[in-house]
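This report concerns only the one structure given below.
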Amino acid sequence: MAKNKVSHSVIYYKRMIAAVLALIILSLAGASIALGVKLRGTQAELSNAQGELMRRDLAEAEQRAAEEAERLRNAIPDERTKPAGEKNAVEILEESPVVVHALGEVDGISGLNCMEGFLLHYNSGARVFEADLRMTLDGQLVLRHDWEGGIQEGVDTTNIPTLEEFRAKPIMDKYTPLSFRDLLLLMAEYPDVCIITDTKFTDAETVTMQFNAMVEDAHALGMSYLFDRIIVQVYSPDHFTVVDGVHHFPYYIYTLYQDYFGKTEDSFRNKCVFCQENNIMGLTLNADLWDADYLPISNWRDIKVYLHTVNDVDEAKRLLRTGVRGVYSDTLDPADLKE
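According to my numbering, the residues represented by the sequence shown are 133 to 471, in order.
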């Protein structure tokens with residue numbers, strides 16, 4: 133009887149041990165599964181973190197690349213030195229009896245200020261060009277007489293374009309529009325030309341914006357030396373003061389189409405005196421206002437006289453014989469005026 137009790141006890145304890153071992157094994161298995169799940173979760177988190185880090189590094193690298201590209205675009209290059217032997221504006225003007233108005237007529241159309249007009253008249257011997265200048269909606273300087281419609285699609289006085297829009301719209305659907313910066317690049321390519329500006333406006337705010345834009349464009353290209361081949365047209369003593377305050381340009385010419393001119397010798401003398409006192413090289417006036425009796429006055433003050441706008445060959449020759457130094461013209465080139 134005692135033997136059976138011992139046997140049952142042994143069996144009971146064995147079963148208890150087995151149960152405990154089973155519980156331990158189950159607990160270990162559960163812990164292992166949980167650990168595996170947690171490990172997989174940790175691995176996923178690590179993978180996600182690495183992916184996010186890579187994306188962030190890539191975004192930062194792209195941002196740095198974009199910033200560097202922008203820096204290079206906006207970097208001001210070193211100023212170029214004026215090429216040896218290159219003539220200045222006055223020297224070029226002295227050799228030409230014609231100032232080609234608005235870069236010259238092309239296909240019978242005047243006032244376009246386009247690349248094709250420039251090339252046509254340059255190839256015909258012209259070397260002095262007048263360019264009309266206006267501000268775009270985003271404050272850039274371009275070659276344009278006014279913003280009246282009919283010249284560029286979608287452009288008029290109520291729809292002034294940005295620089296990008298201006299350059300993207302052909303003039304009269306086929307001619308190439310030019311910005312002031314384009315004009316500077318043309319001057320660098322054609323070192324024997326000079327430009328006379330016509331900026332139209334005289335109020336101080338607009339004038340300051342125009343000439344600041346002009347200076348900024350030259351600096352952006354490193355081509356400020358080209359101002360030595362630009363003659364800035366001024367319209368009154370006040371206008372001259374504002375322009376010269378923005379930047380002192382080497383050469384100026386005083387045009388009388390906006391300023392009062394009473395067609396008297398005293399009035400003409402006063403204009404010549406102002407030019408002489410301010411180192412302004414010449415006067416421009418409407419051909420209808422010219423009187424040969426004025427010539428001794430301008431000669432005495434060493435002020436050169438130019439007349440506008442003359443498109444008739446015989447009339448241009450007659451005016452030149454009176455002693456004026458040149459005429460502005462849409463159509464004529466220097467060869468047309470050879471006697």
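From the three backbone atoms N, C-alpha and C, an ideal C-beta is built for every residue, glycine too.
Predicted model only: the values in this text are computed from it and were never measured.
The bridge partners DSSP lists for residue 261 are 232, 327. With a beta-carbon spacing of about 5 Å, residue 365 and residue 329 fall inside the 8 Å limit used to define contacts. Scanning the segment 269-326 for uninterrupted alpha helix (DSSP H) segments of 4 residues or longer gives 295-300, 312-321, listed from N- to C-terminal end.
For residue 317 and residue 323, the gap between their C-alpha atoms comes out near 10 Å.
The segment 252-259 and the segment 280-287 do not touch, with fewer than three beta-carbon pairs separated by less than 8 Å.
Taking the C-beta atoms as reference points, residue 361 is found no nearer than 9 Å to residue 199. In the displayed model, residue 405 falls within a helix according to three-state DSSP. In this structure the segment 373-380 does not lie against the segment 392-407, because fewer than three pairs of beta carbons, one per stretch, are closer than 8 Å.
In this structure, residue 403 sits away from residue 421, with a CB-CB distance that is not shorter than 9 Å. Under the DSSP assignment, residue 439 falls in the beta strand (DSSP E) whose first and last residues are 436-440. Residue 224 sits buried, since 16 or more C-beta atoms from the chains shown fall within 10 Å of its C-beta. The alpha-carbon separation between residue 265 and residue 337 amounts to approximately 15 Å. The beta-bridge partner set that DSSP reports for residue 365 consists of 385. Sequence-distant Cβ neighbours of residue 272 in its own chain, meaning closer than 7 Å and more than five residues away, are 295, 311, 345.
In this structure, DSSP gives residue 267 an extended state, which the three-state scheme calls strand. With a cutoff of 9 Å on beta-carbon distance, residue 459 and residue 448 are scored as near each other. Within its own chain, the residues whose Cβ lies closer than 8 Å to the Cβ of residue 452, once the five positions on either side in sequence are excluded, are 229, 458, 459, 469, listed in chain order.
Residue 254: not part of any beta strand (DSSP E); member of the alpha helix (DSSP H) spanning 247-255, first to last residue. Rounded to the nearest whole angstrom, the C-alpha separation of residue 253 and residue 270 is 31 Å. Counting along the chain, no alpha helix (DSSP H) covers residue 356, and no H or E run does either. Taking every protein chain shown into account, the CB of residue 426 has 16 or more other CB atoms within 10 angstroms, so this residue is buried.
Excluding sequence positions up to five before and after residue 456, its CB lies within less than 6 Å of the CB of 437, 439, all in the same chain and listed in chain order. Beyond the five residues adjoining it in sequence on each side, residue 157 comes within less than 8 Å, by CB distance, of no other residue in the same chain.
Around the C-beta of residue 245, 16 or more other C-beta atoms lie within 10 Å, and the residue is accordingly described as buried. In the DSSP assignment, residue 241 forms a beta bridge with 238. DSSP places residue 445 inside the alpha helix (DSSP H), whose first and last residues are 445-453.
Taking the CA atoms as reference points, residue 387 sits about 8 Å from residue 368.
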